[in-house]
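First comes the structure, then the notes that go with it.
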Amino acid sequence: MKIRSITALSLLMFSLVSSLAAGYSDFSSKDASKSIVLVKAAGILGSTRDIDAIALTPNLLLATAKSVSGLSVKLTISGKNATVVDTFASGQLALLSFPTGGLTPALLSKATGKSKRNVHVVRHAGDTVSGTLVNISTGLTDMSMSKTLLSLTGSGVFNNCGELIGIYDQDAAANGAAAISLSLIKKAIDGVDGVLISTTVCPSEIDKRVLDEELRVIEREKLKAGTIKKETEALAKQKAAEEALRVSREKVVQQEEASKKALAEAEKKSKKELDEKQAALDLAKEEAAEKEALAEEAKIAKEAENLATEEALRKVNKIKAAEQQKAEQEKLLLMGAIALGLLLVIGIVMLLRRSKRQSELALDEAAEPEVIALLSFDVLIRGDAVGIKVPAELIARTRGVVIGRSAADSDFVIDSPELSRSHVRLSEKDGILYLEDLGSANGTVLNGLKLKPAQLVALHNGDELELAVSIFAVEFQER
Numbered sequence: 027m028k029i030r031s032i033t034a035l036s037l038l039m040f041s042l043v044s045s046l047a048a049g050y051s052d053f054s055s056k057d058a059s060k061s062i063v064l065v066k067a068a069g070i071l072g073s074t075r076d077i078d079a080i081a082l083t084p085n086l087l088l089a090t091a092k093s094v095s096g097l098s099v100k101l102t103i104s105g106k107n108a109t110v111v112d113t114f115a116s117g118q119l120a121l122l123s124f125p126t127g128g129l130t131p132a133l134l135s136k137a138t139g140k141s142k143r144n145v146h147v148v149r150h151a152g153d154t155v156s157g158t159l160v161n162i163s164t165g166l167t168d169m170s171m172s173k174t175l176l177s178l179t180g181s182g183v184f185n186n187c188g189e190l191i192g193i194y195d196q197d198a199a200a201n202g203a204a205a206i207s208l209s210l211i212k213k214a215i216d217g218v219d220g221v222l223i224s225t226t227v228c229p230s231e232i233d234k235r236v237l238d239e240e241l242r243v244i245e246r247e248k249l250k251a252g253t254i255k256k257e258t259e260a261l262a263k264q265k266a267a268e269e270a271l272r273v274s275r276e277k278v279v280q281q282e283e284a285s286k287k288a289l290a291e292a293e294k295k296s297k298k299e300l301d302e303k304q305a306a307l308d309l310a311k312e313e314a315a316e317k318e319a320l321a322e323e324a325k326i327a328k329e330a331e332n333l334a335t336e337e338a339l340r341k342v343n344k345i346k347a348a349e350q351q352k353a354e355q356e357k358l359l360l361m362g363a364i365a366l367g368l369l370l371v372i373g374i375v376m377l378l379r380r381s382k383r384q385s386e387l388a389l390d391e392a393a394e395p396e397v398i399a400l401l402s403f404d405v406l407i408r409g410d411a412v413g414i415k416v417p418a419e420l421i422a423r424t425r426g427v428v429i430g431r432s433a434a435d436s437d438f439v440i441d442s443p444e445l446s447r448s449h450v451r452l453s454e455k456d457g458i459l460y461l462e463d464l465g466s467a468n469g470t471v472l473n474g475l476k477l478k479p480a481q482l483v484a485l486h487n488g489d490e491l492e493l494a495v496s497i498f499a500v501e502f503q504e505r
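Heads up: the sequence shown begins at 27 in this note's numbering, then just goes up one per residue.
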């Protein structure tokens, strides 16, 4: 019953805190000063004084009536004109109009609150003097601050939630600082559209402290109730565990007694059976010994038989190995004879091909008419590891001179696997030496220019010639 009462009280207090928190926020002099506006009041004789006014809407303000009264007083805000719209019957407040607009309205409090609550008097520049409410009446609200600390009339008086609850009146007939009350302000703005009024009551610092203490008491009660509940649950669990342990122990004792009884009966009943089993066991051991002896004899006989078989297999394998070795030797001799025969055939074929080529060259030379060389020089082709000299008479032939890596297909051979069998041709026409690529696989480059197959290009003294990957220098040697 006690726990239910605490829970209900907790829900009630949390509900109250939620409703109060909606209307409460920490006071900020910077935010409050945004709605305090500096107004300059210039008299007919040229005198000017500064007063503070409270913005109610973006273009309407409240000021103390006395601060804006006088003959031909001109009011300006940031250099722009403002006018007195109305002075209220109380004679303490005046409503100002600022056509330019752009003001930040203050949020009016829903209620002034009780005495001794914290209040803050804020000027337009953000200067703040803090104190407490001393006496609250319909017209004026007395505060604990001294008048000497407050320099401008019309400054805003704010509660700890940043809500306006009064306007400081420096000319009020009071010993200390006094402010025009919230009730007069609300009476003055009755019928004015766009004024912001708080919908919740701002709790004072004292209210908050009382509320916090009540919440702490509730929290302690909750913790205490929770602890009692946990201890009760723990005690119940402990009792249940002890009961389970007692039952378990009783079952163990019963099982031990039953086991002892069964063991005694078994011992009494099985003594005869044990004697019979022992006799049977002895007999079985004797039979096992006889069988083991027979098995050992059979094992010895089997091992002797295996030895004889292995010896026979070794002899057979030795004969097979000798025969296999002989067959391999005969095979190697046959392969050597075949290889020697192939080499002989290849040599004969190459010799016949060379003889045929030489015969063809001799026939070509015999068939060609006598050539008179028009070139006055032989051609030297020099490389890093090889060089050839091509006589002018050979170049002057109709078919010219072929250079490659095959002796059968070329007049001059360069031993390089990257060259084609017949790589390039040197020929002469009208006294000019020409170079021709014969469709080589890895190409011909003359002075950095790659030749196309069958393309005739003039060759000059000092040219750089690349055959595949080999680089040569071309020289003309006068005869």
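By construction, the Cβ of each residue, glycine as well, lies at the ideal position given by its N, Cα and C atoms.
Being a predicted model, the structure only gives us computed values, none of them experimental.
Enclosing alpha helix (DSSP H) for residue i [first to last residue]
i, result
"Glu-490", "Element bounds for Glu-490: not the alpha helix (DSSP H) but the beta strand (DSSP E), 490 to 493."
"Ala-7", "Residue coverage of the chain in this structure runs from 27 to 505, which leaves residue 7 outside it and unanswerable."
"Asp-57", "55 to 59"
9 Å Cβ cutoff met for residue i and residue j
i, j, result
"Ser-442", "Ala-494", "yes"
"Leu-190", "Ile-211", "yes"
"Lys-106", "Phe-124", "yes"
"Thr-138", "Ser-209", "yes"
"His-508", "Asp-78", "No answer is possible for residue 508: the residues shown for the chain start at 27 and end at 505."
"Lys-142", "Thr-158", "yes"
"Asn-186", "Ser-224", "no"
"Leu-452", "Ile-421", "yes"
"Ser-104", "Leu-64", "yes"
"Gly-192", "Ala-205", "yes"
"Ala-68", "Val-99", "yes"
"Leu-134", "Val-221", "yes"
"Phe-438", "Ile-458", "no"
Between the CA atoms of residue j and residue i - distance to the nearest angstrom
i, j, result
"Leu-445", "Ile-364", "33 Å"
"Gln-503", "Asp-410", "19 Å"
"Thr-102", "Lys-213", "26 Å"
"Ala-89", "Leu-241", "42 Å"
"Thr-83", "Ile-244", "44 Å"
"His-486", "Ile-440", "21 Å"
"Ser-402", "Glu-462", "21 Å"
"Ala-81", "Glu-239", "38 Å"
"Arg-246", "Ile-232", "21 Å"
"Arg-268", "Ala-260", "Sequence inspection shows Glu at residue 268; the Arg mentioned does not correspond to that position. So the alpha carbons of these two residues sit roughly 12 Å apart."
"Gly-465", "Lys-476", "12 Å"
"Val-110", "Lys-136", "26 Å"
"Thr-174", "Ala-58", "22 Å"
"Thr-424", "Ala-433", "20 Å"
"Ser-170", "Arg-235", "21 Å"
"Ala-353", "Ile-407", "57 Å"
"Ser-181", "Lys-250", "50 Å"
As assigned by DSSP and simplified to three states, the class of residue i
i, result
"Lys-357", "helix"
"Met-171", "coil"
"Arg-242", "helix"
"Asp-112", "strand"
"Thr-253", "helix"
"Lys-297", "helix"
"Arg-272", "helix"
"Arg-408", "strand"
"Gly-165", "coil"
"Lys-311", "helix"
"Asn-487", "coil"
"Leu-97", "coil"
"Lys-19", "The chain is shown from 27 up to 505; residue 19 falls before or after that span and cannot be answered."
"Glu-302", "helix"
"Ser-285", "helix"
"Leu-477", "coil"
"Gly-127", "coil"
"Thr-258", "helix"
"Lys-140", "coil"
"Gly-157", "strand"
"Leu-134", "strand"
Enclosing beta strand (DSSP E) for residue i [first to last residue]
i, result
"Glu-501", "496 to 504"
"Leu-459", "458 to 463"
"Ser-123", "119 to 123"
"Lys-66", "62 to 68"
"Ala-205", "204 to 207"
"Thr-90", "86 to 90"
"Ala-81", "74 to 83"
"Thr-470", "470 to 472"
"His-146", "144 to 148"
beta-carbon residue i near the ligand MG non-hydrogen atom, thresh 8 Å
i, result
"Lys-106", "Looking at this structure, you won't find the ligand MG or any other ligand, since it has none at all."
| message | Please give me, in chain order, every unbroken run of the beta strand (DSSP E) with length at least 3 that falls completely inside the segment 410 to 463. | response | 413 to 416, 427 to 430, 450 to 455 and 458 to 463
| said: Just to confirm the assignment: which complete beta strand (DSSP E) runs, minimum length 3, are found wholly within the segment 176 to 230? | reply: 182 to 185, 190 to 194 and 204 to 207
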